[in-house]
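> Okay, handing you the structure first.
Residue numbers (full-length UniProt numbering): 1 to 343.
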């Protein structure tokens, strides 16, 4: 399978390069970068010296179509939607890692991003949360890879809402913390070493676009209609997301019932680990495609759900490769079973 990566030099793009290079059934056909066109990828990222010799090229849909079966677009929001229709028209399958095709409702996209170039195409895209939308993904030509925060929130929330353990009118509070790579490669004062090191800060407290993504999917999939309070935080580390979710359940549900439900829902999903006697930690998932989940039911009926994942892998590039595997009718874990670095 010939694969091209558009936007290969961003943090998500370079993770895709690494994963595709090590994939047993996929080969890198073409890499693009507007910022580094003409340069060798190994000169930009020297850890690839003597491993990948490709030069980055400028984006050209005809060039991509000539050599590709599947295209990953790892571009800024608002840029992908200018390229993706042309790629689809040329018969390619596209996995888009921007926010451009994640919503069904163009009004929500316009509120949090900008006016969409092609709202009809956005409505036809498949939301690529592999553990929940597997069958839809298999039959899609355009997959919208979910955001990192929504991935860490939707996977643990969906079973409880779908089964009515959390009532559709019960408030949900999501407290999410991410490493700095989640904010992208473009420099900013907020991501400067001296601003991040030995610091811990909330941001976008008034409203974050990923809240709208979470809310739309829960409403569409489970008819959830209550308030979601979402607060993201920036951790002084490179990668990882730890999300703590607070809500309530009925008195009839015991701790063992909640664990059993998770295990039943995700028993056939290689990358979801339900931890019954431990709480998720970033060390457990760094460098992997796993999402670790725990749930604690308090005597009051309050729930504390904790999820951890690597924002660049399960929250981005790894999930995109997982979606590619489903598109190709390959095992979902193909090329993604590496053990992470604990130290």
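Where is the CB? At the ideal position from N, CA and C, for every residue including glycine.
Since residue 3 and residue 37 should fall inside the 8 Å C-beta cutoff, what is the C-beta to C-beta distance between them, to a whole number of angstroms?
Taking the Cβ atoms as the reference, residue 3 lies roughly 19 Å from residue 37, outside the contact range of under 8 Å.
> Have a look at residue 125 and residue 19 and give me their C-alpha separation to the nearest angstrom.
24 Å
> How far does the beta strand (DSSP E) with residue 349 in it reach, from first residue to last?
It is not possible to answer for residue 349, since the shown part of the chain is limited to 1 through 343.
> Decide if the stretch 95 to 115 is in contact with the stretch 211 to 223; the criterion is three or more beta carbon pairs, one per stretch, under 8 Å apart.
yes
> Report the start-end ranges of each alpha helix (DSSP H) in the UniProt domain "Semialdehyde dehydrogenase NAD-binding" (2 to 140) that is 4 residues or longer and not cut off at the edges.
11 to 21, 41 to 44, 61 to 67, 80 to 89, 106 to 112, 119 to 124, 134 to 138
> Enumerate in chain order the residues of its own chain whose CB-to-CB distance from residue 265 is below 7 Å, with the five nearest sequence positions on each side excluded.
159
> Please state whether the Cβ-Cβ distance between residue 344 and residue 96 is less than 9 Å.
The structure shown does not extend to residue 344, since the chain spans only 1 to 343, so no value can be given for it.
> As a quick exercise: from 231, 216, 230, pick the residue whose alpha carbon is nearest that of residue 224.
216
> State whether the stretch 318 to 336 contacts the stretch 169 to 189, with contact taken as three or more CB pairs (one from each stretch) at a distance under 8 Å.
no
> Determine the direct distance from the alpha carbon of residue 252 to that of residue 148, and round the result to whole angstroms.
33 Å
> Spell out the partners DSSP gives residue 231 in its beta bridges.
175
> From this set, 70, 133, 12, 230, which residue's C-alpha is nearest residue 287's C-alpha?
Measuring C-alpha to C-alpha distances from residue 287 to each of 70, 133, 12, 230 identifies 12 as the nearest.
> Starting from residue 328, follow the alpha helix (DSSP H) in both directions and report where the run begins and ends.
Here residue 328 belongs to no alpha helix (DSSP H), and DSSP marks it neither H nor E.
> Do the stretch 235 to 246 and the stretch 301 to 308 meet, that is, are 3 or more Cβ pairs less than 8 Å apart?
yes
> Nearest to residue 233 by alpha carbon, out of 260, 189, 94, 203?
203
> With respect to the alpha helix (DSSP H) encompassing residue 214, which residues constitute its N-terminal and C-terminal limits?
209 to 222
> Within 10 angstroms of the Cβ of residue 193, are there 16 or more other Cβ atoms? Answer buried if so, exposed if not.
Residue 193 should be labelled exposed.
> Looking only at its chain, what residues have a beta carbon closer than 6 Å to the beta carbon of residue 7, apart from the 5 residues adjacent to it on each side?
13, 74, 75
> Considering only the alpha carbon of each residue, which of 165, 133, 309 lies closest to residue 262?
With distances taken between Cα atoms, residue 262 lies closest to 165.
> Have a look at residue 219 and residue 309 and give me their C-alpha separation to the nearest angstrom.
24 Å
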